[in-house]
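Residue numbers (the numbering used here): 86 to 183.
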């Protein structure tokens with residue numbers, strides 16, 4: 086079984102019984118560096134996922150990052166996205182990197 090796009094950023098409201106979970110540490114040792122790549126399509130998809138998470142209230146302004154949730158061009162910071170989005174999603178998926 087492999088981690089599909091729909092599994093990576095599953096909204097909280099969806100059924101969590103079908104989430105695929107992997108051992109991140111093992112995957113890091115098994116995936117060769119030649120497979121560590123990010124495409125333009127990956128970046129566009131990630132931007133869409135962040136926008137959706139902001140709109141859904143899963144990424145919110147903090148004292149450290151008071152971004153405007155209605156501004157589609159600036160914010161949130163990478164620190165906020167990492168803390169409120171990347172870390173929780175990857176932890177649920179087994180601890181591998183994004």
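Glycine included, C-beta positions come from ideal geometry on N, C-alpha and C. These numbers were taken from a predicted model, which means no experiment stands behind them.
For residue 156, does the three-state DSSP call read helix, strand or coil? By 1-based counting over the chain shown, the position of residue 156 is 71. Three-state result, residue 156: coil.
Meets three-Cβ-pair contact criterion under 8 Å: the region 140 to 150 and the region 164 to 177: With a cut-off of 8 Å, the region 164 to 177 and the region 140 to 150 count as touching, because enough Cβ pairs lie within range.
Where does residue 143 fall in DSSP's three states? Translated into positions along the chain shown, residue 143 becomes position 58. Residue 143 carries a coil assignment under DSSP once its states are collapsed to helix, strand and coil.
Once DSSP output is grouped into helix, strand and coil, what is the label at residue 86? Within the chain shown, residue 86 is the residue found at index 1, counting from 1. With a pLDDT of only 39 at residue 86, under 50, the local geometry of the prediction cannot be trusted, and the value read off the model is given with reservation. Taken through DSSP and simplified to helix, strand or coil, residue 86 comes out as coil.
Counting only the same chain and skipping the five closest in sequence on each side, list residues whose C-beta sits under 8 Å from that of residue 135. For the purposes of this step, residue 135 is taken as residue 50 along the chain shown, with counting starting at 1. Short of 8 Å from the beta carbon of residue 135, and not among the five residues preceding or following it, lie these beta carbons of its own chain, in chain order: 144, 161, 166 and 170.
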